[in-house]
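The opening residue of the sequence shown carries number 10 in the numbering used here; numbering runs sequentially from there.
For each residue, glycine too, the CB sits at the ideal point set by N, CA and C.
In this text, all values refer to a predicted model and were calculated from it rather than measured experimentally.
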Amino acid sequence: MITKPQSGSVPNAPGSYQFKDSDRRIIYVGKAKSLRSRINTYFQPINKLPIRTQQMIQEAETLEWIQVKNEVEALILEHSLIQEHQPRFNVRLRDDKSYPFLVVTLTDRWPRSMLTRGKIKKGNRYFGPYVDVRAIRETMDLLQRTFPLRTCTANKYARHEKLQKPCLDYHIKKCCGPCINDISEEEYDLHVRDLIRFLEGQTDEVVAELIEGMKDASNKQEFEKAARLRDRIFNVQKAAEKQLMVGARSEDFDVISFEDDDFEAAAHAFYVRSGRVMGQRSFILDKAENLPEGTLQARILEKLYIDENPLGAPKTVYVKVIPENKDFFEEWLRSKRGSQVQILVPQRGDKKSLIETVHVNAVEAFKRNRLKRLSDHNSRSKALNDLQSYLRLPTAPLRIECYDMSHIQGTNYAGSMVVMEDAILKKKDYRKFKIRSFEGNDDYSAMEEVLRRRLSNLILEEKDSKTETNSFAYPPHLLLVDGGKGQLTSAIKVLRELNLFERIPVAAIAKKHEEIFLPGEKAPVIIPRDSEALYLLQRIRDESHRFAVAYHRQLRAKSVKSSTLDGIRGLGPKRKKRLIREFGSIEKIKRAQLEELKSLSWLPANVAQEIHDKYTGKQT
């Protein structure tokens, strides 16, 4: 259990603080306007603290802090530390989905419209995010027929531009053909402008201009043009119906509500711009402790606005309850927007009805995830408890590491380390190993090398208190090797060599009969076939095998690509590939005359000489 820091040692300044356990793992990250005041609240009589805070204090061994200039910097620092370390006692965004945005790539000469889930790129216009992917795809189809911008990639566009042949979208009237110069840049820019205006909610203005253009074309007896404009008007009106109007044209606001219990909270948000719902977002927060509603509302605002929203910060944020430290959040959002931002709880009228609608969405998300959580949590807990019983472990194995090898006749030897925490695969902590201590076929030596490298890192991290703790510094509660008694013996050998045998439980799982071998026991442990514990071990074993095989194939593909052309000065991958294409094979390159090589306009004379000298034996 942690002891209180010396009086006066904690600064009376903004910052972030971190509680760490005996393995130097960060278990809680917090922020504060005054580090001294906030940290002092943890060191009162323990029975006065919330239950989960009591547990955190009892598990913590050390306390560290980082001082910053202001509350905003403290918030950003806290967020980055939580993202990196995923502390178990923090409120965590557990299953945030990747919702698509509609983007207009204004940075391109011929802007394209598309759906994206990637990183936000400055200079482009983004709309969303959209929860209903099917609906936005249908809307996109209508918008393409109304504002026929290109949707193709840069490579595809360049290919069609070179061939001067348009793609299918052009023929079905969903692209105006900039690749074949079928439209001027000025006219194309009008399509871009109108699409953005429509997405901003200026639907009536866009329709009015299209109607005026249709009448003008009709008066000039340009009936085909008039018919096209008529179809565009129909499509844009149909697309506009899919945009929910919830406010006045001048209104920009967000509406946020949530539903929670002791374990999690489901939050939902509407993004309203120019009176229309331009996007929405739903996410789940894991609660590590019971939080007042105001504190939870503050945490939701942090998660929602810590990253830049392409739609920008709103004028007003309507919430279920007033967040803790309301003034700070208004000032923070004001700095993002550049003008005044208010956080309000609507009491009556349209905004009250709207937040009730958002709350219904939050409740539905909460119900779905509650059912899923109950199922997952119960089965995971039972599996870990059963595993502890079957393998006679001192504690439930919250962190399991599984190791496997992959090779073909001793070549391209690859090892894998797969991690499972709380019965969930933790891909961030996966590691792959290229075997380098020997050549040939020896699974036992390969296993020893991998474990020695992994566990040596653990020891080094534990000895060096100044080194920032990473996932390699956490000892597993169960070390599992894929194989039989031979692989288990190798693992025991390394654990004894590094004086870790008494600290880290080890077991081996054999594929043939799904038998579990333990140190010092002749007979294997047989776990019932229908047991969740066996299923858990099978899952991590299969994942370790998959990961090892994938890395082995990667190494094999790399070795296959190597050739006698490697190492020739001035001959990079592109030239190498082109040279093989020109001659047809490496054998023909070997037999080529110097004049043949020099005749290639793209190949420098000195490189041609290097190639010729290599295969004629003149190279030193």
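- For His554, same chain residues with a beta-carbon under 7 Å away, outside a window of 5 residues either side, are Asp413, Asp491 in chain order.
- Contact between the region 587–603 and the region 439–451 is absent: fewer than 3 CB-CB pairs across the two stretches fall below 8 Å.
- Straight-line measurement puts the Cα of Asn378 at about 25 Å from the Cα of Ser362.
- Here the C-alpha atom of Ile513 lies approximately 7 Å from the C-alpha atom of Pro484.
- Its chain contains Gln397, His486 as the residues whose beta carbon lies nearer than 8 Å to that of Thr404, once the 5 sequence neighbours on both sides are disregarded; these appear in chain order.
- Scanning its chain for C-beta atoms nearer than 7 Å, with the 5 sequence neighbours on each side dropped, one finds around Asn421 the residues His561, Leu564, Arg565, Ser568, in chain order.
- It is roughly 10 Å from the alpha-carbon of Arg239 to the alpha-carbon of Phe232.
- According to DSSP, residue pairing for Trp74 in a beta bridge involves Tyr26.
- Unbroken alpha helix (DSSP H) runs of no fewer than 4 residues, entirely contained in the region 28–95, are found at 44–49, 60–68, 80–94, following chain order.
- Membership of Gln289 in the beta strand (DSSP E) is indicated by the continuous run 285–295.
- Assignment of beta-bridge partners to Phe526 by DSSP yields Ala517.
- Nearest neighbour of Ile595 by Cα position, chosen from Trp611, Glu604, Asp575, turns out to be Asp575.
- Judged by DSSP in its simplified three-state form, Glu231 adopts coil rather than helix or strand.
- Collapsing the DSSP output to three states places Asp263 in a strand.
- The beta-carbon distance between Ile309 and Leu294, rounded to whole angstroms, is 7 Å. This is short enough to meet the 8 Å contact definition.
- Annotation: the region 362–411 contains no complete segment of the alpha helix (DSSP H) (minimum length 4 residues).
- Taking C-alpha positions only, Gln15 is separated from Ser415 by approximately 53 Å.
- In the three-state reduction of the DSSP assignment, Ala559 falls in the helix class, which pools H, G and I.
- Take Thr573, set aside five residues on each side of it, and the residues of its chain with a beta-carbon closer than 7 Å to its own are Ile595, in chain order.
- In chain order, Val264, Val286, Gln289, Val367 place their CB closer than 6 Å to the CB of Phe279, counting only its own chain and leaving out the 5 sequence neighbours on each side.
- Of the candidates Val100, Ile35, Asn394, Val100 places its Cα closest to the Cα of Thr304.
- Asp491 sits in a strand when the DSSP states are folded into three classes.
- Around Gly186, the same chain offers Pro175, Tyr179, Ile192 as residues with beta carbons nearer than 7 Å, after the five sequence neighbours per side are excluded.
- Secondary-structure assignment with DSSP links Thr125 through a beta bridge to Phe110.
- In this model, Leu606 and Thr625 are separated by some 13 Å (Cα to Cα).
- Across the set Ala432, Asp271, Gly284, the C-alpha of Asp271 shows the shortest separation from the C-alpha of Phe375.
- Residue range 163–172 is occupied by the alpha helix (DSSP H) that includes His169.
- Pro20 is positioned such that its CB atom lies closer than 8 Å to that of Arg45.
- Pro323 is a Cβ neighbour of Phe262, given a cutoff of 8 Å.
- A residue is called buried when at least 16 other Cβ atoms come within 10 angstroms of its Cβ; Asn318 meets this threshold and is buried.
- Under the three-state reduction of DSSP, His200 is assigned to helix.
- For Gln173, same chain residues with a beta-carbon under 6 Å away, outside a window of 5 residues either side, are Ile189 in chain order.
- The beta carbon of Glu260 lies closer than 6 Å to those of Gly284 in the same chain, with the five residues before and after it left out.
- Ser291 and Arg143 have their alpha carbons spaced roughly 17 Å apart.
- The region 577–585 and the region 538–553 do not touch, with fewer than three beta-carbon pairs separated by less than 8 Å.
- Excluding five sequence positions before and after Gln211, the CB atoms of its chain that fall closer than 8 Å to its own CB belong to Ser283, given in chain order.
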